[in-house]
Structure formats: C-alpha cells, structure tokens
Amino acid sequence: MEVGSEDLSILSLIAHASPVVQGVMAILVVVSLLSWWRIFSKFFVISSTRKHTNEFEDRFWSGSDLNALYEQVRRGTPNGQERIFVAGFSEFLKLRQKGGMELSDVMEGTRRAMRASLQRELDYLDKHNSFLASAGSVSPYVGLFGTVWGIMHAFSGLANVGQATLANVAPGIAEALVATAIGLFAAIPAVVAYNSFAHDVDQLANRFESFIEEFSNILQRQAAK
C-alpha cells in the first residue's frame with residue numbers, strides 16, 4: 001500500500017489513530033488548555049500583586065502618617081502587602097487600646113497578625129501552582145503511554161500483512177509519536193510557567209517578610225516614645 005504525504009499530516013494521523021491513542025491525545029489537549037488558562041490567570045494575579053506592592057511601598061516610605069495611610073488603604077481594596085499592613089496595624093491599635101500590656105506582648109501580637117496575613121497571601125499566590133507542576137511532570141508520561149500503545153497496535157497489525165514494509169509501519173508509528181509530541185506540548189509551557197511563578201512568589205515573599213520586620217521596628221519605636 002502506497003502512503004501519500006497527505007496521509008501523514010497531523011490531522012490525518014490523529015483521525016486515524018487507535019481509540020486509546022485518541023483518548024490519550026484528548027486528555028493531553030484538555031490538560032494543555034487548562035494549563036494555559038492557569039498560566040494567564042496567575043500571570044495577571046502576580047503582576048497585579050507586584051504593581052500594588054510597588055505603589056504601596058512608595059506611599060509607605062514617603063513619610064505618610066501611618067494612621068492616615070491605614071484609613072486610606074482600609075477604605076479601598078487592599079492587595080498583597082497592603083493587607084499585611086492593615087492586619088498588623090489594626091492589631092497593633094487594638095492591643096494598644098486594651099492597656100496594661102507589655103510592649104513586647106503588643107509587638108508579638110502584631111507580628112502574629114501580620115504573619116497570618118502573610119501566609120494567606122502566599123497561599124493565594126501559590127494557588128494552582130501544583131496543577132502546573134503536575135501537568136509538567138505527568139504529561140510526557142501520558143504521551144509516552146499513548147506512543148507505546150500506538151506502536152504496539154501498529155506492530156500487531158503486521159500479523160495480517162504478508163510482507164512488512166515501511167509503508168505498512170510508518171503511519172502507525174507516526175500516529176503514536178503524535179501522542180508524545182502533544183504530551184511535550186502540554187508539559188513544556190507548564191514547567192516553564194511553574195518555575196517562573198515559583199521564583200516570582202519567592203521574591204514577593206521576601207519583600208513581604210522584610211516589610212513585616214521593618215514595619216514592626218517602626219511600630220515598636222513609635223510605641224516606645
């Protein structure tokens with residue numbers, strides 16, 4: 001049987017693949033689409049958090065009155081580091097109003113409030129990262145399974161052929177290799193995005209940690225006056 005070049009087009013190979021291989025391809029396409037959706041949504045989340053953090057730090061270090069800044073941020077929609085600031089300052093004011101508390105206890109409660117807010121922010125920023133990690137690590141193996149199954153199917157079909165030729169084997173092997181290609185297509189962007197987002201979240205976490213320490217020192221000096 002002569003195999004024309006049109007028979008080896010990607011769409012033709014997918015259409016003529018075995019049901020199992022087609023199922024594997026469908027799963028990988030769905031995973032790829034979900035990965036891209038997660039990538040774009042997380043990109044905008046991290047970009048927005050970084051932008052709000054930069055703007056807030058400019059206002060915070062410009063020498064603004066802390067009470068005025070607190071009221072301004074609280075009345076708006078706090079994001080990222082702003083929520084840490086609001087959590088810490090509101091706890092500081094609440095503990096100071098109680099009276100009879102040692103300064104060390106006040107600062108410890110303030111730090112705990114900011115640490116809890118920090119953890120919530122990191123959980124939010126890390127959301128769906130595990131999906132990208134799983135997609136990046138598992139997709140190649142799912143594609144490889146489809147390839148192995150397709151090759152087995154191709155060679156088992158040779159039992160009904162009198163003489164095995166490249167024309168008999170090539171289409172089946174090509175169909176099977178498409179599964180590996182789709183698996184890599186799903187995995188590579190997910191891995192790259194996961195590593196990039198993990199780096200970005202680590203950078204933001206370091207900035208938040210530094211802010212907590214610096215803000216705590218400012219509040220401690222203010223309370224000691």
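At position 38 of the sequence shown (counting the first as 1) the number is 38 in UniProt numbering, and the numbers step up by one without a gap. Just so it is clear, CB atoms sit at the ideal spot from N, CA and C, and this is done for glycine as well. Keep in mind that this is a model prediction, so the values were computed, not measured.
For residue 151, the CB contacts under 8 Å within the same chain, skipping 5 residues up- and downstream, are 172, 173, 176 in chain order.
In this chain, the alpha helix (DSSP H) harbouring residue 98 covers 81–98. In this structure, residue 88 lies away from residue 49, with their beta-carbon atoms at least 8 Å apart. Listed in chain order, the beta strand (DSSP E) runs fully inside the segment 129–161 amount to none, counting runs of at least 3 residues.
Residue 51: member of the alpha helix (DSSP H) spanning 19–60, first to last residue. Residue 110: member of the alpha helix (DSSP H) spanning 103–126, first to last residue.
Residue environment for residue 30: exposed (fewer than 16 other C-beta atoms within 10 angstroms of its C-beta). Taking each of 215, 77, 141 in turn and checking the Cα distance to residue 24, the smallest one comes out for 141. Between the segment 82–99 and the segment 46–62, the count of C-beta pairs closer than 8 Å reaches three or more; the two stretches touch. Cβ atoms of residue 201 and residue 122 come within 8 Å of each other, at about 7 Å. Taking C-beta atoms as the reference points, residue 103 and residue 45 fail to come closer than 8 Å.
By the CB criterion at 8 Å, residue 91 and residue 113 fall inside the cutoff.
Per the coordinates, the alpha-carbon of residue 59 lies some 20 Å from the alpha-carbon of residue 203. In the structure shown, the three-state DSSP call for residue 78 is coil. In chain order, 132, 135, 186, 189, 190 place their CB closer than 7 Å to the CB of residue 35, counting only its own chain and leaving out the 5 sequence neighbours on each side. The C-beta separation of residue 216 from residue 111 comes to about 6 Å, placing the pair in contact by the 8 Å criterion. Rounded to whole angstroms, the gap between the alpha carbons of residue 194 and residue 37 is 13 Å. In this structure, 106 is the residue among 106, 208, 209 with its C-alpha nearest to the C-alpha of residue 221. With contacts defined by Cβ atoms closer than 8 Å, residue 28 and residue 117 do not form a contacting pair. As the crow flies, the alpha-carbon of residue 42 is around 9 Å from that of residue 129. Residues 149 of the same chain have their beta carbon placed closer than 6 Å to that of residue 20, with the five preceding and five following residues left out of the count. One alpha carbon belongs to residue 66, the other to residue 40, and they sit about 35 Å apart.
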